[in-house]
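Below is one structure, written out as structure tokens; the observations come after it.
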Amino acid sequence: MTKLPPGWWIKNSEGSFAGPPPLPEDDPPEYASEDGDHEKDQDTIGDENALDIRPDSPGWEDMEPDTENFSVQCLLCSQQFPSPATMLDHCKDKHTFDFVGVVQFEGLDFYKTIKYVNSIRSRVRDGVATPTHIDSVSLDSDDLLKPTLENDALLFSLDDVINFEAEDESMEGVSGDGKAP
């Protein structure tokens with residue numbers, strides 16, 4: 001059995017391995033076994049039969065990549081796209097609808113943009129025309145924070161599509177009536 005440092009846990013193609021519980025904060029930072037034999041622990045750490053936890057060691061090639069494939073449904077039809085950018089380009093070209101332009105023109109923050117996406121999706125689902133101009137009162141309902149489309153990839157990637165921090169900074173110099181001071 002391979003020993004791991006206290007608090008470590010490893011899972012690879014050979015199985016799962018766990019070290020002893022983490023040491024209390026007041027113990028020295030040495031690797032201590034339950035019996036307190038520090039020399040034996042140091043031998044185990046340098047042991048050639050010990051579990052190799054480096055990413056380039058055998059067994060790691062079975063690990064799945066961290067990338068996730070997803071598709072983004074068009075805001076106005078049922079077509080699927082590999083990325084939000086391609087979906088938004090489709091909306092501009094095929095539906096003459098500039099989602100990002102409307103969000104920027106209306107000065108929507110992150111949460112109002114989520115509500116706007118869900119409002120569009122519910123209107124499309126119900127067969128109602130989608131407005132390009134937003135009535136801010138229609139986005140006051142917190143019910144619109146609940147996704148209309150389950151696992152909506154567009155909602156997960158809104159920060160990639162629109163830079164809300166830049167929008168906030170540009171609005172700092174604007175007074176409450178929407179005009180520069």
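Residue numbers (full-length UniProt numbering): 1 to 181.
Backbone N, C-alpha and C fix where the C-beta goes; we use that ideal spot for every residue, glycine too.
With 16 other Cβ atoms within 10 Å as the buried cut-off, status of residue i
i            : result
arginine 121 : buried
tyrosine 116 : buried
cysteine 74  : buried
lysine 92    : exposed
histidine 38 : With a pLDDT of 49 at histidine 38, under the threshold of 50, the modelled position of that residue is not reliable, and no figure is offered here.
serine 13    : exposed
proline 21   : exposed
alanine 180  : Since pLDDT at alanine 180 reaches only 45, below the 50 mark, its modelled position is unreliable, and no value is offered.
proline 24   : exposed
valine 103   : buried
Same chain, Cβ closer than 7 angstroms to residue i, five either side skipped, listed in chain order
i                 : result
phenylalanine 164 : Asp109 and Phe110
serine 71         : Gln80, Phe81, Pro82 and Ala153
threonine 148     : Asn118, Arg121, Ser122 and Arg125
histidine 95      : Leu76
valine 128        : none
leucine 155       : Ile114, Val117 and Pro147
First and last residue of the uninterrupted alpha helix (DSSP H) at residue i
i              : result
isoleucine 120 : 110 to 126
lysine 3       : It is not in any alpha helix (DSSP H) - lysine 3 carries neither H nor E in the DSSP assignment.
glycine 101    : 99 to 106
threonine 86   : 84 to 95
alanine 153    : 153 to 156
Limits of the beta strand (DSSP E) - the one that residue i falls within
i          : result
glycine 15 : 15 to 18
lysine 11  : 9 to 12
Cβ neighbours of residue i in the same chain (closer than 6 angstroms, five flanking residues each side left out)
i              : result
isoleucine 134 : Glu106
leucine 88     : Phe99
serine 119     : Leu144
threonine 86   : none
valine 161     : Pro84
Chain-order list of residues whose beta-carbon lies under 8 angstroms from that of residue i (same chain, five-residue window excluded)
i             : result
serine 16     : Trp9 and Ile10
aspartate 126 : none
leucine 139   : Leu108, Lys112, Lys115, Tyr116 and Ser119
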